[in-house]
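Written out below as C-alpha coordinates is the structure these notes cover.
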Amino acid sequence: MITTKPKAIGRLVPLLLLLGGCSSSMGPMSWDTGYHATGVDDTTEQGLLLAPHLCHLPAAKTGIVTLPPGCANDLNLQYMVERPQDLLHGRDMGPPSAEPLARAARERLSNREHSQRRRQRLEEKVRGGGSYATTSDM
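Numbered per mature numbering (1 follows the signal peptide of the UniProt record, and there is no 0), the sequence shown spans residues -26 to -1, 1 to 112.
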(Lines of atoms letter the chains of each structure in order from A and count residues from 1; the text may use other names and numbers.)
(Lines give C-alpha, C1' and ligand atoms only; values in the text may rest on other atoms or scores of the structure.)
Protein backbone atom coordinates (compact mmCIF):
# COMPACT_ATOMS: atom_id res chain seq x y z
CA MET A 1 0.00 0.00 0.00
CA ILE A 2 1.33 3.38 -0.98
CA THR A 3 0.94 6.19 1.49
CA THR A 4 1.17 9.81 0.48
CA LYS A 5 2.24 12.60 2.67
CA PRO A 6 -0.07 15.60 2.96
CA LYS A 7 2.92 17.92 2.43
CA ALA A 8 3.71 16.34 -0.96
CA ILE A 9 0.08 16.64 -2.05
CA GLY A 10 0.06 20.29 -0.96
CA ARG A 11 2.96 20.96 -3.36
CA LEU A 12 1.49 18.95 -6.21
CA VAL A 13 -1.97 20.55 -6.25
CA PRO A 14 -0.80 24.13 -7.11
CA LEU A 15 1.44 22.73 -9.85
CA LEU A 16 -1.45 20.82 -11.40
CA LEU A 17 -3.69 23.89 -11.20
CA LEU A 18 -1.02 25.99 -12.87
CA LEU A 19 -0.56 23.49 -15.70
CA GLY A 20 -4.32 23.20 -16.10
CA GLY A 21 -4.48 26.94 -16.82
CA CYS A 22 -2.24 26.51 -19.88
CA SER A 23 -4.92 24.84 -21.97
CA SER A 24 -6.63 27.13 -24.44
CA SER A 25 -10.07 26.91 -25.95
CA MET A 26 -8.95 28.93 -28.97
CA GLY A 27 -7.35 25.99 -30.75
CA PRO A 28 -4.61 26.26 -33.35
CA MET A 29 -4.17 29.66 -34.94
CA SER A 30 -3.17 30.47 -38.49
CA TRP A 31 -0.63 33.27 -38.54
CA ASP A 32 -1.11 34.43 -42.08
CA THR A 33 0.82 37.62 -41.64
CA GLY A 34 1.39 40.00 -44.48
CA TYR A 35 -0.23 42.93 -46.21
CA HIS A 36 -2.03 43.54 -49.45
CA ALA A 37 -2.58 46.75 -51.35
CA THR A 38 -6.20 47.86 -51.28
CA GLY A 39 -5.88 50.95 -53.42
CA VAL A 40 -3.98 54.10 -54.21
CA ASP A 41 -4.12 57.19 -52.03
CA ASP A 42 -3.13 60.35 -53.89
CA THR A 43 -3.31 62.49 -50.75
CA THR A 44 -0.33 60.90 -49.01
CA GLU A 45 3.33 60.82 -49.91
CA GLN A 46 3.47 57.02 -49.93
CA GLY A 47 0.51 56.62 -52.28
CA LEU A 48 -0.52 53.10 -51.16
CA LEU A 49 -3.38 51.95 -49.01
CA LEU A 50 -2.48 48.69 -47.28
CA ALA A 51 -4.45 46.26 -45.15
CA PRO A 52 -3.12 43.35 -43.07
CA HIS A 53 -4.21 39.88 -44.18
CA LEU A 54 -5.30 39.09 -40.62
CA CYS A 55 -7.74 41.99 -40.49
CA HIS A 56 -9.86 40.76 -43.37
CA LEU A 57 -13.41 40.20 -42.14
CA PRO A 58 -16.33 38.66 -44.02
CA ALA A 59 -18.84 41.24 -45.23
CA ALA A 60 -21.78 39.31 -43.72
CA LYS A 61 -20.82 40.18 -40.14
CA THR A 62 -22.95 42.84 -38.48
CA GLY A 63 -23.08 44.41 -35.04
CA ILE A 64 -20.06 44.29 -32.78
CA VAL A 65 -17.25 42.66 -34.68
CA THR A 66 -14.15 41.42 -32.89
CA LEU A 67 -10.89 41.50 -34.78
CA PRO A 68 -9.02 38.25 -35.29
CA PRO A 69 -5.94 37.60 -33.13
CA GLY A 70 -2.84 39.24 -34.59
CA CYS A 71 -4.73 41.96 -36.45
CA ALA A 72 -3.85 44.66 -33.91
CA ASN A 73 -0.15 43.71 -34.06
CA ASP A 74 -0.10 44.01 -37.83
CA LEU A 75 -2.00 47.32 -37.75
CA ASN A 76 0.43 48.76 -35.20
CA LEU A 77 3.39 47.67 -37.31
CA GLN A 78 1.78 49.27 -40.35
CA TYR A 79 1.55 52.62 -38.55
CA MET A 80 5.18 52.43 -37.33
CA VAL A 81 7.01 51.83 -40.61
CA GLU A 82 8.63 54.70 -42.45
CA ARG A 83 7.47 53.61 -45.88
CA PRO A 84 4.40 51.39 -46.28
CA GLN A 85 5.90 49.87 -49.44
CA ASP A 86 8.43 48.13 -47.16
CA LEU A 87 5.63 45.91 -45.87
CA LEU A 88 5.07 44.56 -49.39
CA HIS A 89 8.69 44.46 -50.58
CA GLY A 90 11.64 45.10 -48.28
CA ARG A 91 14.56 47.38 -49.13
CA ASP A 92 18.00 46.23 -50.17
CA MET A 93 20.42 46.17 -47.29
CA GLY A 94 23.18 48.74 -47.36
CA PRO A 95 26.82 48.18 -46.54
CA PRO A 96 27.53 46.60 -43.17
CA SER A 97 27.82 49.20 -40.44
CA ALA A 98 30.73 47.39 -38.80
CA GLU A 99 33.06 48.05 -41.74
CA PRO A 100 33.71 51.77 -41.01
CA LEU A 101 34.17 50.97 -37.33
CA ALA A 102 36.65 48.19 -38.09
CA ARG A 103 38.57 50.48 -40.45
CA ALA A 104 38.78 53.20 -37.78
CA ALA A 105 39.95 50.70 -35.15
CA ARG A 106 42.58 49.28 -37.51
CA GLU A 107 43.80 52.79 -38.33
CA ARG A 108 43.90 53.71 -34.67
CA LEU A 109 45.85 50.62 -33.68
CA SER A 110 48.36 50.89 -36.52
CA ASN A 111 48.91 54.61 -36.01
CA ARG A 112 49.46 54.75 -32.24
CA GLU A 113 52.67 56.76 -32.45
CA HIS A 114 50.95 59.58 -34.29
CA SER A 115 48.10 59.50 -31.78
CA GLN A 116 50.55 59.62 -28.86
CA ARG A 117 52.33 62.67 -30.33
CA ARG A 118 49.01 64.44 -30.93
CA ARG A 119 47.90 63.70 -27.35
CA GLN A 120 51.19 65.06 -25.98
CA ARG A 121 50.85 68.26 -28.05
CA LEU A 122 47.33 68.79 -26.78
CA GLU A 123 48.36 68.19 -23.18
CA GLU A 124 51.23 70.69 -23.55
CA LYS A 125 48.85 73.31 -24.93
CA VAL A 126 46.46 72.79 -22.05
CA ARG A 127 49.26 73.03 -19.48
CA GLY A 128 50.93 75.94 -21.25
CA GLY A 129 48.26 78.56 -20.89
CA GLY A 130 44.82 79.77 -21.71
CA SER A 131 44.61 78.49 -25.26
CA TYR A 132 42.24 75.66 -25.87
CA ALA A 133 42.79 72.89 -28.38
CA THR A 134 40.24 72.60 -31.13
CA THR A 135 39.61 69.88 -33.63
CA SER A 136 41.27 71.99 -36.34
CA ASP A 137 44.55 71.78 -34.39
CA MET A 138 44.61 68.00 -34.64
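Idealized CB from N, CA, C, for every residue including glycine.
Same chain only: Cβ atoms within 8 Å of residue i, ignoring 5 sequence neighbours per side
i: V55; result: L61
i: L(-12); result: none
Endpoints, beta strand (DSSP E) assigned at residue i
i: A76; result: Looking at the DSSP string, A76 is not in any beta strand (DSSP E); the run it does join, the alpha helix (DSSP H), is 72 to 84.
i: residue 115; result: No statement about residue 115 is possible, as the shown extent of the chain runs from -26 to 112 and does not include it.
Helix, strand or coil at residue i [DSSP, three-state]
i: G(-17); result: helix
i: V14; result: strand
i: P62; result: First, the amino acid is wrong: residue 62 is Leu here, not Pro. Three-state result, L62: helix.
Length of the line joining the Cα atoms of residue i and residue j
i: Q52; j: P32; result: 21 Å
i: Y9; j: K35; result: 22 Å
i: R93; j: G102; result: 14 Å
i: H30; j: I38; result: 15 Å
i: K99; j: P69; result: 40 Å
i: S71; j: Q90; result: 28 Å
i: C45; j: M67; result: 28 Å
i: L83; j: R77; result: 10 Å
i: E73; j: E81; result: 12 Å
i: G64; j: V14; result: 19 Å
i: N50; j: A79; result: 40 Å
i: P(-21); j: L(-9); result: 19 Å
Range of the contiguous alpha helix (DSSP H) that encloses residue i
i: A46; result: 45 to 54
Own chain, CB closer than 6 Å to residue i, minus 5 neighbours either side, in chain order
i: T12; result: L23, A25
i: P42; result: L28
Counted within 10 angstroms of its Cβ, other Cβ atoms place residue i as buried (16 or more) or exposed
i: L28; result: buried
i: P58; result: buried
i: D48; result: buried
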